[in-house]
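In what follows, a single structure is set out as structure tokens and then discussed.
In the working numbering, the protein residues as written are 49 to 235.
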């Protein structure tokens, strides 16, 4: 599924049977929740693609996620592969801006290009690819509550709640963790 035009909605669901792509300059503006899912492939955002939700945003892929910019009250990122930064190496544009961020992936960021975020509350569980991420400000490695979005049904007029469970702290299975902050990191 390729999205190459701006979209606005109350609740937005982009559900792809394979991969999902947000093209250059695409802006998804949502007054409630955003739900983007690639059930058998990667979810790729162009460097300047944005997802903005006044409620929660959930991006999930059975594969990798390449992040442009996601802004929401709370964000949940889930990938069986690597979550990486679409911006050029050295670009410090925030990939995620939220009050809480929940990450569950095999890897998050790379040594060449960290994923940048501005989030006061973070929980992350990563696998063998580890984590390389940078916080703009203070970040507390704590408990993120369950994050729910409204998944729009095929009829376009109804939705069902999709929720990711609460998650605690920062864990890595086999992979290394490299978290930097422009301010304080607390637990």
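Each residue gets a CB set at the ideal place from its N, CA and C atoms; glycine is no exception.
By the C-beta criterion, the stretch 161-176 is judged not to be in contact with the stretch 199-210, since fewer than 3 inter-stretch pairs fall below 8 angstroms. In the structure shown, residue 66 adopts coil according to DSSP, grouped into three states.
Contact between residue 56 and residue 72 is absent: CB atoms are separated by about 18 angstroms, not below the 8 angstroms threshold. In the assembly as shown, residue 191 is an exposed residue. Its beta-carbon has fewer than 16 other beta-carbons within 10 Å.
Apart from the 5 residues on each side of it in sequence, residue 108 sits with its Cβ closer than 6 angstroms to the Cβ of 85, 126 in its chain, given in chain order. In this structure, the straight-line span from the alpha carbon of residue 162 to that of residue 194 is close to 25 angstroms. Where residue 222 is concerned, there is no enclosing beta strand (DSSP E), because DSSP gives it neither an H nor an E.
Of 99, 67, 140, the smallest CA-CA separation from residue 88 is found for 67. A straight line joining the alpha-carbon of residue 69 with that of residue 212 spans about 22 angstroms. Apart from the 5 residues on each side of it in sequence, residue 233 sits with its Cβ closer than 6 angstroms to the Cβ of 187 in its chain, given in chain order. Of the other Cβ atoms in all chains shown, fewer than 16 fall within 10 Å of the Cβ of residue 235; this residue is therefore exposed. Of all C-beta pairs linking the stretch 109-121 to the stretch 225-232, fewer than three are shorter than 8 angstroms, placing the two stretches out of contact.
A residue is called buried once 16 or more other Cβ atoms fall within 10 Å of its Cβ, and residue 152 is buried on that count. Judged by DSSP in its simplified three-state form, residue 215 adopts strand.
According to the DSSP assignment, residue 85 belongs to the beta strand (DSSP E) that extends over 82-86.
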